[in-house]
Each structure stands twice: as C-alpha cells, then as structure tokens.
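One structure is given here, and the rest of the page talks about it.
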Amino acid sequence: MTKSRIKNLGKSEIPKRQRQRIERLLPPVGTVLRASRSGIKYKATIVSAPEMKGGKGVKLDNKVYSSLSGAARAVTRHMINGWKFWHIE
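The opening residue of the sequence shown carries number -3 in my numbering; numbering runs sequentially from there.
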C-alpha cells in the first residue's frame, strides 16, 4: 500500500480492534482449593452465592469472595492471579 493511499483512507475504513469479553467462570460448587504462603496452608471452597455474579463465590475464612483472585488477594495482601495461586483438589 502506498503512502498516498494510506493518507486517503478514512477512519471508517480502518477497522478498530474489538476486545473480546471472556467469561470467567468459577469451578463447580463444592470444589476445594488449596494454597500455601509463607509456610501457612490455606483452604477455600467454591460455594453457592446467589447475590454474586454467576451465582458462585469463593469461601475463605467465613468470608465469600466473588473471584479466585479476590480470595488470593485476601491472603497475599497484593494483586495476584487467583488461577495461578490456588490449586484445585
């Protein structure tokens, strides 16, 4: 494509990259998750939580989180990928 052709292209002719939305589903209800941090072992469970998106949550220390990353963040106190942090039993 020549420089003049590129200059003459209207913005409508250049397709904008569309972001695809990925649905992040939690494992089935009843799944047990385990993790270890600084020698301390943690156990979480996937529970039914109708008030949360998707109807499921991660129960850790009697608190329910909406995502694996949210529960992992409660343990580590910083942002972390929950899918990498937790091990599914």
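Quick reminder that beta carbons are idealized off the backbone N, C-alpha and C, glycines included. Because the structure is a prediction, the values reported are computed rather than measured.
query, result
"Compute the Euclidean distance between the alpha carbons of Lys55 and Arg15, then round it to the nearest angstrom.", "31 Å"
"Reducing DSSP to helix, strand and coil, say where Thr72 ends up.", "helix"
"Would you call the CB atoms of Gly53 and Ser62 closer than 7 Å?", "yes"
"Nearest to Ser32 by CA position, among Pro46, Ala40, Lys59, is which residue?", "Ala40"
"Taking the straight line between their C-alpha atoms, what separation do you get for Glu47 and Pro24?", "17 Å"
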